[in-house]
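Asks: Residue numbers 212 to 590, in my numbering, belong to the letters of the sequence shown in order.
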Amino acid sequence: AEGDAVALTRALVATPSVNPVLEAGGAGERAIAELTAEWLESWGFAVEVVEVADGRFNTIGRRGTGSGPTLILNGHLDTVGVEGMTVDPFAAELRDGRLWGRGSCDMKGGVASLLAAAAATAGDQLEGTLIVALTADEEHASLGMAHLVESGVRADAAVVCEPTSLAVMPAHKGFVWVEADFTGRAAHGAILHAGRFLAALDGLQSELNGRTAHPLLGHGTLHAGTIQGGVAASVYPERCTVVLERRTLPGETGERVTEEFRGVLEATLREESGHAGDGVPGLTAEIRQGLTRPGTEVPVDSPLVTGLLRACASEGVAGSVEGMTAWVDAAFLNEAGTPAVCFGPGSIAQAHSMDEWIDPSEIEACARVLTRFVREFLG
Numbered sequence: 212a213e214g215d216a217v218a219l220t221r222a223l224v225a226t227p228s229v230n231p232v233l234e235a236g237g238a239g240e241r242a243i244a245e246l247t248a249e250w251l252e253s254w255g256f257a258v259e260v261v262e263v264a265d266g267r268f269n270t271i272g273r274r275g276t277g278s279g280p281t282l283i284l285n286g287h288l289d290t291v292g293v294e295g296m297t298v299d300p301f302a303a304e305l306r307d308g309r310l311w312g313r314g315s316c317d318m319k320g321g322v323a324s325l326l327a328a329a330a331a332t333a334g335d336q337l338e339g340t341l342i343v344a345l346t347a348d349e350e351h352a353s354l355g356m357a358h359l360v361e362s363g364v365r366a367d368a369a370v371v372c373e374p375t376s377l378a379v380m381p382a383h384k385g386f387v388w389v390e391a392d393f394t395g396r397a398a399h400g401a402i403l404h405a406g407r408f409l410a411a412l413d414g415l416q417s418e419l420n421g422r423t424a425h426p427l428l429g430h431g432t433l434h435a436g437t438i439q440g441g442v443a444a445s446v447y448p449e450r451c452t453v454v455l456e457r458r459t460l461p462g463e464t465g466e467r468v469t470e471e472f473r474g475v476l477e478a479t480l481r482e483e484s485g486h487a488g489d490g491v492p493g494l495t496a497e498i499r500q501g502l503t504r505p506g507t508e509v510p511v512d513s514p515l516v517t518g519l520l521r522a523c524a525s526e527g528v529a530g531s532v533e534g535m536t537a538w539v540d541a542a543f544l545n546e547a548g549t550p551a552v553c554f555g556p557g558s559i560a561q562a563h564s565m566d567e568w569i570d571p572s573e574i575e576a577c578a579r580v581l582t583r584f585v586r587e588f589l590g
């Protein structure tokens, strides 16, 4: 049915859009971008399907006067892979009060909700402009959102319909990946020195826990993601590389985080050397900053947050304000000057799961809230 949020979700789930970087043979976004473009055109939107990389597509729809405020409703079209799933990934089955399939929760339910709002308001005279931005590659490198922002698209507000269980999420953590390289055969080899460095990171986590907590996100955290080194049990390892992830709060920079790790490394090497020297003879140790994504936030008293909460209350949705645990594309919008929050159906716990599902009633509730919000924001 036209504009029926659950029917739209089922059509989206039945259209494979596995990110081809994450799983060999993944379909990518071409078919789903064309499908959503057809819908938007039928609802009176000016639509462009943009190839942001080879075989990877965004769908952008615009409707409105060009005067007044601009609102972006955003979702990503790609999904993670389907190998090992315990339900049919593309059957979009409705069973036991749930809609099953890959992407149902992350985030085709959210995309369907915003599309249903676009359809419901298609006959409205909007004072401002509604932009529906459906993007590629969020599950890997965010090529689609990066292209959207670089193309100059800006708005007064944006709602990113990631699964939040219908909570309004104005803040999320960022991350910094840091590599620590240990080279040389000093005292028992590189792996042992890497291990001592890792043990010393407990002190850094304690320091982070001692800082003032963010009201929605708590404290920054760190963990060791991978460690590689050595060739055989009987050989002193000459090289060891540890890759660390530090989850950051809004305002924390990659440079500052990297310096914190560097400080722990230098203190560890000084302690090992047994004196105030520069480190351990025969060992070279180096810290390098890798992929970095910022944490961002929108003030909880902003018109975007208060407007969404008002729309929630009007539609009988609790509308709590919480922090987003995952890093999301909203950061690109925030960094470019478009205030963006996350609000969508489904629980993040079901995202990427082997039996992914979503509660259809949440999709419908989200569509109602977004419809009301569009009318109030652009009315």
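Here a beta-carbon is modelled for each residue, glycine too, at the ideal position from N, C-alpha and C.
On the DSSP bridge list, what partners appear for CYS553?
Replies: Looking up residue 553 in the sequence shown gives position 342. Answer is VAL371, MET380.
Asks: If you run the structure through DSSP and keep just helix, strand and coil, what is ARG396?
Replies: Counted from its first residue, the sequence shown places residue 396 at position 185. Here ARG396 sits in coil by DSSP.
Asks: Hey, which unbroken runs of the alpha helix (DSSP H) at 4 residues or more fall wholly within the stretch 266 to 303?
Replies: Complete alpha helix (DSSP H) runs here, min 4: none at all.
Asks: Quick one: complete beta strand (DSSP E) runs, 3+ long, within the stretch 448 to 518?
Replies: As far as the stretch 448 to 518 is concerned, its whole beta strand (DSSP E) runs of at least 3 residues are 450 to 459, 495 to 504.
Asks: CA-CA distance, ARG586 and ASP215?
Replies: Numbered from its first residue, the sequence shown carries residue 586 at position 375. Numbered from its first residue, the sequence shown carries residue 215 at position 4. C-alpha separation (whole angstroms): 18 Å.
Asks: Can you tell me where the alpha helix (DSSP H) holding LEU409 begins and where it ends?
Replies: In the sequence shown, the residue the question calls residue 409 occupies position 198. 401 to 421 is the span of the alpha helix (DSSP H), which, as asked, contains LEU409.
Asks: With distances taken between CB atoms, is the gap from LEU455 to VAL389 smaller than 8 Å?
Replies: Taking the first residue of the sequence shown as 1, we reach residue 455 at position 244. Taking the first residue of the sequence shown as 1, we reach residue 389 at position 178. Their beta carbons are under 8 Å apart, which means LEU455 touches VAL389 by this criterion.
Asks: Could you check the C-alpha separation between ARG467 and GLN416 for me, to the nearest Å?
Replies: Translated into positions along the sequence shown, residue 467 becomes position 256. Translated into positions along the sequence shown, residue 416 becomes position 205. Going from the Cα of ARG467 to the Cα of GLN416 covers about 15 Å.
Asks: Looking only at its own chain, which residues have a Cβ that is under 6 Å from the Cβ of PHE408, when we skip the five neighbours before and after it?
Replies: Taking the sequence shown and counting its residues from 1, the one referred to as residue 408 is at position 197. So the list reads LEU476, THR479, once near-sequence residues are dropped.
Asks: Taking the runs of the alpha helix (DSSP H) that are 4 residues or longer, which of them lie wholly in the stretch 212 to 253?
Replies: Here the runs fully enclosed are 216 to 224, 241 to 253.
Asks: Which stretch, first to last residue, makes up the beta strand (DSSP E) that contains HIS351?
Replies: As a first step, residue 351 is located in the sequence shown; it is residue number 140 there, counting from the start. Neither: HIS351 is in no beta strand (DSSP E) and is coded neither H nor E.
Asks: Could you give the distance in angstroms between the alpha-carbon of VAL446 and the alpha-carbon of ARG422?
Replies: Locating residue 446 in the sequence shown gives position 235, where the first residue counts as 1. Locating residue 422 in the sequence shown gives position 211, where the first residue counts as 1. Computed Cα separation, rounded: 42 Å.
Asks: In whole angstroms, what separates the C-alpha of SER315 from that of ARG241?
Replies: Here residue 315 refers to the residue found at position 104 when the sequence shown is read from its first residue. Here residue 241 refers to the residue found at position 30 when the sequence shown is read from its first residue. Going from the Cα of SER315 to the Cα of ARG241 covers about 18 Å.
Asks: ARG473: which of GLY465, GLU482, GLU497 sits nearest, CA to CA?
Replies: One-based indexing of the sequence shown puts residue 473 at position 262. For ARG473, the nearest C-alpha among the options comes from GLU497.
Asks: Taking all protein chains shown into account, decide if GLN561 is buried (16 or more other Cβ within 10 angstroms of its Cβ) or exposed.
Replies: Locating residue 561 in the sequence shown gives position 350, counting from the first residue. With 16 or more other Cβ atoms within 10 Å, it is buried.
Asks: Which residues bound the alpha helix (DSSP H) around ALA542?
Replies: The count along the sequence shown starts at 1 and reaches residue 542 at position 331. Element bounds for ALA542: 541 to 546.
Asks: Under the assumption that ARG273 contacts ALA257 (Cβ atoms under 8 Å), give the Cβ distance between them as a whole number of angstroms.
Replies: Indexing the sequence shown from 1 puts residue 273 at position 62. Indexing the sequence shown from 1 puts residue 257 at position 46. Indeed, because the Cβ distance is near 5 Å, the residues count as touching under 8 Å.
Asks: One question on the structure: do THR276 and THR340 come within less than 8 Å of each other, judged by their Cβ atoms?
Replies: Along the sequence shown, read from residue 1 onward, the residue named residue 276 stands at position 65. Along the sequence shown, read from residue 1 onward, the residue named residue 340 stands at position 129. The answer is yes: Cβ separation under 8 Å.
Asks: Closest to ARG458 by CA distance: which of VAL552, TRP538, GLY286 is it?
Replies: The residue you call residue 458 lines up with position 247 of the sequence shown. Among VAL552, TRP538, GLY286, the Cα nearest to that of ARG458 belongs to TRP538.
Asks: For GLY237, does the count of other Cβ atoms within 10 angstroms reach 16, so buried, or fall short, so exposed?
Replies: If you number the sequence shown from 1, residue 237 lands on position 26. Buried: at least 16 other Cβ atoms inside 10 Å.
Asks: What residues are listed by DSSP as bridge partners for ALA344?
Replies: Looking up residue 344 in the sequence shown gives position 133. BP columns for ALA344 point to ILE271, ASN285.
Asks: Using 8 Å as the threshold, is the C-beta distance between ASN269 and LEU345 below it?
Replies: Within the sequence shown, the letter at position 58 stands for residue 269. Within the sequence shown, the letter at position 134 stands for residue 345. In contact: ASN269 and LEU345 (Cβ atoms closer than 8 Å).
Asks: Cα-Cα, which of LEU282, VAL263, VAL293 is closest to PRO227?
Replies: By 1-based counting over the sequence shown, the position of residue 227 is 16. The residue with the shortest Cα to Cα distance from PRO227 is VAL293.
Asks: Residues in its own chain within less than 8 Å of GLY239 by CB, not counting five upstream and five downstream?
Replies: For this step, residue 239 is matched to residue 28 along the sequence shown. Correct list, in chain order: SER228, VAL229, ASN230, PRO231, GLY266, ARG267, PHE268, ASP289, ALA347.
Asks: Do you know offhand how far ALA352's Cα is from SER484's?
Replies: Residue numbering aside, residue 352 sits at position 141 when the sequence shown is read from its first letter. Residue numbering aside, residue 484 sits at position 273 when the sequence shown is read from its first letter. Cα to Cα, the separation comes out at about 41 Å.
Asks: I need the straight-line Cα distance from ALA212 to ALA222, nearest angstrom please.
Replies: Here residue 212 refers to the residue found at position 1 of the sequence shown. Here residue 222 refers to the residue found at position 11 of the sequence shown. For ALA212, the pLDDT reaches just 46, beneath the cut-off of 50, and the residue's location in the model is therefore unreliable, although a value from the coordinates is still provided. Between ALA212 and ALA222, the C-alpha separation is close to 10 Å.
Asks: In chain order, what residues of the same chain lie with their CB nearer than 6 Å to the CB of VAL260, ignoring the 5 residues before and after it?
Replies: By 1-based counting over the sequence shown, the position of residue 260 is 49. Contacts found: ALA244, ALA248, PHE268, THR270.
Asks: Quick one: grab the DSSP three-state call for GLY334.
Replies: Taking the sequence shown and counting its residues from 1, the one referred to as residue 334 is at position 123. If DSSP states are grouped into helix, strand and coil, GLY334 belongs with coil.
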